[in-house]
Amino acid sequence: MEKLIIFSPLITFIIGYNAGINFSRIFAVLFSVCAVIFYTSHLVVIVTISALFLTEFFLEKFHGNMKSLRRLFNDKLRDLVDELSSIKKDSETTKLALTTNEKVIKNILHIYELSKDIASYIDLEKMFLLIVQSLDAQFTIKDVVMKIFDGNKVFSKGVYSDKKSISFDIDETAKIPKISKNVIHLPMNIGDKYFGVISAKIPPLFEKDAEFVNEISAFVEELNPAIQRAILYLKVEEMSRTDGLTGLYRRGYFNERLKEEELRAKRSNGRFSILMMDIDHFKKVNDTYGHQAGDMVLKTVSEILKNSVYETDFAARYGGEEFVVIFPKTDPEGLKIKSEKIRQKIEQTEITVGLEKIKVTASFGIAHYPKDSQVAEEVLRCADISLYKSKQTGRNKVTEFDLDR
């Protein structure tokens, strides 16, 4: 018991440290009572009680400091957690911003490359197909129709247009991006000058997606300058390649296209035909009615020729009153019938010049690749020979090349 009383402060401290202040106080009082009961020496009792209460006092101080330290630690830990949470949030925001910027940069680079490609084209059909491919790659848009107001040129591509029927109409009045049902109409303009419109069928998944609509609108808007430059370039190019009087292509450009057609036919084991046409007694028209009448005759015959051939055919003014047409993938019998219809149309047409009404006729020569020759220039020469035979045998007729004649 004596030893227990003597070591009571140490025991009290240990109990207080592990079990708390309340338990230490209970044991301090207990040990004090034991000291009073079992020891008659006042000095021992006073020292023991003093030691117990000093132990309890310092233990309470210790617990207070520990509590303060714990509170401070918890506050610091909370601040650290909040800071980490804020850093994580900022990191996610930065990541989102970087992803958005990356997407924007990628779109800008794509539009830049696409604009360069568009500017390099001198064929509106090819330029349109390039735009369609990009719309498909960027926005999974399959059905697209484009109209260029200058010349009312319309191009279409997609699920429906490939089946020879356009599934939706173009809204030519759209001055801003406009959605009608599931079709978006995107005007092509520079400032207040509108030069065309692109109409595209929106995929069902994005019909009500405002961000998608804004992105495709911005995409086409960025392409507008490149498209307009291409159109202007084509106009200048066409003016340099076409005859000012008749609107048909010039001889030099015809020669280029003839070489291209020969290469295409050789690659695909295809065929093409050449028609040469000459206005009969044209010099007599000039001598009798004047050059103004001659120009009117050339314009009228050119219009008949242009209206009689398809867009895939290639008609040119080859000489003064001589014309030539390339017919890709044409059936020889069908071409002979078409040539006869053109001849009849020219023969039946009255040309009014002042008070005079003039009628003219034309002679035709036809040759075919590879039937008559496997060299394009030779096919052209065969057509010329056939034309000469038409003139020799009475004019105003269609003659097909025949090696045996």
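Here my numbering is used: the first residue of the sequence shown is 839, the next is one more, and so on.
Where a beta carbon is used, it is the ideal one built from N, C-alpha and C, also for glycine.
Here the structure is a predicted model, which means the values were calculated and not measured.
If distances are taken between C-alpha atoms only, which option among the options comes closest to residue i?
i: residue 978; options: 986, 1044, 1137; result: 1044
i: residue 1137; options: 1165, 1023, 1184, 1239; result: 1184
i: residue 1241; options: 1069, 1210, 1233, 1189; result: 1210
i: residue 973; options: 1115, 1040, 1127; result: 1040
i: residue 1046; options: 1022, 1078, 1114, 925; result: 1022
i: residue 1228; options: 1208, 1008, 1202, 1162; result: 1202
i: residue 1143; options: 1091, 1164, 1123, 1238; result: 1164
i: residue 1042; options: 1223, 1019, 965, 1032; result: 1019
i: residue 1207; options: 1193, 1167, 1236; result: 1167
i: residue 964; options: 1158, 1072, 1219; result: 1072
i: residue 1011; options: 1032, 995, 992, 994; result: 1032
i: residue 1153; options: 1093, 1101, 990; result: 1093
i: residue 982; options: 989, 996, 976; result: 996
i: residue 975; options: 1122, 1212, 1057, 1130; result: 1057
i: residue 1048; options: 1016, 1239, 906; result: 1016
i: residue 1148; options: 929, 1192, 1125, 1176; result: 1176
i: residue 989; options: 971, 962, 969; result: 962
i: residue 1085; options: 970, 916, 1156, 928; result: 1156
i: residue 1182; options: 1234, 1190, 1008; result: 1234
i: residue 1070; options: 1013, 1126, 1237, 987; result: 987
i: residue 1172; options: 1122, 1187, 1110, 1139; result: 1110
i: residue 1214; options: 1102, 1193, 906; result: 1102
i: residue 1122; options: 1178, 1205, 1170, 1135; result: 1135
i: residue 1239; options: 1151, 1141, 1112, 1127; result: 1112
i: residue 1083; options: 906, 1133, 1052; result: 1133
i: residue 1178; options: 1007, 1236, 911, 1104; result: 1236
i: residue 991; options: 980, 1013, 966; result: 966
i: residue 1097; options: 1217, 1051, 1130; result: 1217
i: residue 1141; options: 1074, 1105, 1124, 1187; result: 1187
In the structure shown, what three-state DSSP assignment does residue i receive?
i: residue 1116; result: strand
i: residue 999; result: Note that residue 999 has pLDDT 44, beneath the 50 cutoff, so the model's placement of it is unreliable and the number below is only indicative. Three-state result, residue 999: helix.
i: residue 1012; result: coil
i: residue 990; result: coil
i: residue 1046; result: coil
i: residue 1018; result: strand
i: residue 1080; result: strand
i: residue 1232; result: coil
i: residue 1040; result: coil
i: residue 1006; result: coil
i: residue 1212; result: coil
i: residue 1149; result: coil
i: residue 1241; result: coil
i: residue 839; result: For residue 839, the predicted model reports a pLDDT of 49, less than 50, meaning its position is unreliable and no value from the coordinates is stated.
i: residue 980; result: coil
Residues bridged to residue i by DSSP?
i: residue 1226; result: Residue 1226 is not bridged to any residue.
i: residue 1205; result: 1112
i: residue 1166; result: 1110
i: residue 1027; result: 1032
i: residue 985; result: 992, 1035
i: residue 1160; result: 1116
i: residue 1189; result: 1196
i: residue 1087; result: 1080, 1154
Kindly indicate the opening and closing residues of the beta strand (DSSP E) around residue i.
i: residue 1194; result: 1194-1196
i: residue 1155; result: 1152-1155
i: residue 1238; result: 1236-1238
Terminal residues of the continuous alpha helix (DSSP H) containing residue i?
i: residue 1139; result: 1129-1146
i: residue 828; result: Residue 828 is absent from the structure shown; the chain starts at 839 and stops at 1243.
Compute the minimum distance between the beta carbon of residue i and the heavy atoms of the ligand MG, and state whether it is under 7 angstroms.
i: residue 1092; result: No copy of the ligand MG appears in this structure; indeed no ligand is present at all.
Checklist entry - Does the segment 1024-1034 come within contact of the segment 1057-1072, defined as at least 3 CB pairs closer than 8 angstroms? => result Yes, they touch.
Next on the checklist: Tell me whether the segment 1106-1118 and the segment 1191-1200 touch, counting them as touching only if at least three CB pairs, one residue from each stretch, are closer than 8 angstroms.
Outcome noted: Result yes; three or more Cβ-Cβ pairs closer than 8 angstroms.
Checklist entry - Just checking, does the segment 1080-1089 make contact with the segment 1147-1165 on the three C-beta pairs under 8 angstroms criterion? => result When Cβ pairs closer than 8 angstroms are counted between the two stretches, the segment 1080-1089 is seen to touch the segment 1147-1165, the count reaching three or more.
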